[in-house]
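Position 9 of the sequence shown, counted from 1, bears residue number 14 in this note's numbering, the numbering being contiguous throughout. Glycine included, each C-beta is placed from N, C-alpha and C at the ideal position. Notes for the one structure printed next.
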Amino acid sequence: MVQIFSPVADTWLRLFLIGGLSLASGGTVAVVGFARSAYMTDTEIRPHQPVPFSHRHHAGELGIDCRYCHSNVEAGPQAGLPPTETCMTCHSEIWTDAKMLEPVRRSLADDTQIRWTRVAKLPDYVFFRHDIHIAKGVGCETCHGRIDQMALTYRAKAFTMEFCVDCHRDPAPHLRPPDRITDMAWKPPSDARVKGEAIAAHEGLRLGELTHCYVCHR
């Protein structure tokens, strides 16, 4: 029989297969990495704000409780942005002539709200309520990170479906006592799972239903 392929054809075929598999594997890694990147998840991006508000100064250095400004977080789906009057509670007495606070003073004088740029955004098809999570023992830091250390606010966690489902599958280690909800420095105790399960039982969490589609998509 006449030999169709040369002796090196087998070598070229092997190299082609190895190269193709390497390219496919590398492409998969690149796509997954890009999908999880800060560019795609909007993490670590500090959007422009009308006032350069520092959580590090207010929540970290001054120790102002999250609920002082986000007063609706325990009563409604949205945490809420503070009205100008909340800012002026302090800034009618201190930093009264600071240039950076001019938008705040103008907002009060004109009776208009400051147009903040939302940092933590969820898609319209996601059903989420802050009050439910707070009531069940989920702390602010769990989803928002160490916001008390942020000079300018950014999204610390990628609010992907994976991020939410991981917690819904096993919430116990992430739950904390009610008096530690806004404690940014809180660390889970060594028996976090036992205490978390006790909190879940006390709050009536139906653990077997937390991963049902309708819980987050209605």
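{"Check": "Does the Cβ of L180 have 16 or more other Cβ atoms within 10 Å, making it buried, or fewer, making it exposed?", "Outcome": "buried"}
{"Check": "Return helix, strand or coil for V143, following the three-state DSSP convention.", "Outcome": "strand"}
{"Check": "Looking only at its own chain, which residues have a Cβ that is under 7 angstroms from the Cβ of E202, when we skip the five neighbours before and after it?", "Outcome": "A177"}
{"Check": "For F58, count the other beta carbons within 10 Å of its own beta carbon; 16 or more makes it buried, fewer makes it exposed. Which is it?", "Outcome": "buried"}
{"Check": "I need the boundaries of the alpha helix (DSSP H) containing G213, first residue and last residue.", "Outcome": "Note, G213: premise wrong, no alpha helix (DSSP H); not H, not E."}
{"Check": "Should T187 be labelled buried (16 or more other beta-carbon atoms within 10 Å of its own) or exposed?", "Outcome": "buried"}
{"Check": "DSSP three-state call for L113: helix, strand or coil?", "Outcome": "helix"}
{"Check": "Which residue's Cα is closest to the Cα of Y159: F132, G144 and K126?", "Outcome": "K126"}
{"Check": "L180 by DSSP, collapsed to three states: which one?", "Outcome": "strand"}
{"Check": "Would you mind sorting V78 into buried or exposed? The rule is 16 or more other CB atoms within 10 Å of its CB.", "Outcome": "buried"}
{"Check": "Let me check one thing: in DSSP terms, what residues is R160 bridge-paired to?", "Outcome": "T48"}
{"Check": "Put W17 into one of helix, strand or coil per three-state DSSP.", "Outcome": "helix"}
{"Check": "Kindly indicate which residue of P194, L113, M166 and K192 has the alpha-carbon position closest to the one of H217.", "Outcome": "M166"}
{"Check": "Measure from the alpha carbon of A64 to the alpha carbon of each residue in Q154, H222 and T16, then state which is nearest.", "Outcome": "Q154"}
{"Check": "Under 8 angstroms, with one C-beta from each stretch per pair, do the region 131-140 and the region 81-91 reach the 3-pair mark?", "Outcome": "yes"}
{"Check": "Please work out which residues of its chain come closer than 6 angstroms, Cβ to Cβ, to L157, disregarding the five sequence neighbours upstream and downstream, and give them in chain order.", "Outcome": "R51"}
{"Check": "Look up M166 in the DSSP assignment and say whether it is helix, strand or coil.", "Outcome": "helix"}
{"Check": "Considering only C-alpha positions, which residue in the set T117, R61 and F168 is nearest to A190?", "Outcome": "R61"}
{"Check": "In whole angstroms, give me the CA-to-CA distance for A29 and P88.", "Outcome": "52 angstroms"}
{"Check": "Do V220 and H173 have their C-beta atoms closer together than 9 angstroms?", "Outcome": "yes"}
{"Check": "Short of 6 angstroms in beta carbon distance, which residues of its chain neighbour G142, apart from the five on each side in sequence? Order them along the chain.", "Outcome": "L180, R181 and I204"}
{"Check": "Using alpha carbons as the reference points, say which of C71, C169, H149 and D171 lies closest to A161.", "Outcome": "H149"}
{"Check": "E214: which of H207, D175 and P193 sits nearest, CA to CA?", "Outcome": "D175"}
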